[in-house]
Amino acid sequence: MRVREYDEDRFDRMRRIEWLDMDRIHAARCLVVGAGALGNEAVKCMVLAGFRNITVVDMDDIAASNLSRCVFFRESDGRGDMKADILAGRAAELDGDADIKPMVCRVQELENWDYDIVLGCLDNISARLHVNSHAMYHGI
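In our numbering, each residue's number is its place in the sequence shown (first place is 1) plus 385.
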């Protein structure tokens, strides 16, 4: 069996879709708010799809109850290990060109809304409303 030339390009299959702009995907500035179950899945899928500039915001640490729903968390993670830090570090392992920045804070403390894409992966209604209103205000 021989590796074909096109198999060496991680995004070859996506580049075959004429309307899909991989350069734009690679350059997009993304904000994912929430690093729990939804945030884990969103970041995983984004990195695998070629998004390379992702900021993850979460204020919480990992609990044992997260382990059944969060692909990037391990039993060795625990109290004191912050969700955003662990998610960013482990997701970056999926693509060496990905730059995933963790921000351990409440979304209400976020000052910079200079993003192309914002995903609210939250279970808190107040935080959801905050994200939605700021994204709307900034035209994201």
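A virtual CB, placed ideally from N, CA and C, is assigned to each residue, including glycine.
Quick one: is residue i buried, meaning 16 or more other Cβ sit within 10 Å of its Cβ, or exposed?
| i | result |
| --- | --- |
| LYS468 | buried |
| ALA449 | exposed |
| MET431 | buried |
| MET521 | exposed |
| ILE439 | buried |
Considering only DSSP beta bridges, list what residue i is partnered with.
| i | result |
| --- | --- |
| ASP484 | ASN438 |
| ILE502 | CYS415 |
Assuming residue i and residue j form a contact by the criterion Cβ under 8 Å, report the distance between their Cβ atoms to the nearest whole angstrom.
| i | j | result |
| --- | --- | --- |
| VAL417 | VAL441 | 5 Å |
Taking a contact to mean a Cβ-Cβ separation below 9 Å, would you say residue i touches residue j in this structure?
| i | j | result |
| --- | --- | --- |
| GLY419 | CYS506 | yes |
| ILE471 | ILE447 | yes |
| ARG395 | ASP480 | yes |
| ASP445 | GLY463 | no |
| ARG414 | ASP501 | yes |
| VAL503 | HIS515 | no |
| ASP406 | ARG437 | no |
For the stretch 397-468, which segments carrying the beta strand (DSSP E) assignment without a break, of at least 3 residues, lie completely within its bounds, in sequence order?
414-418 and 438-442
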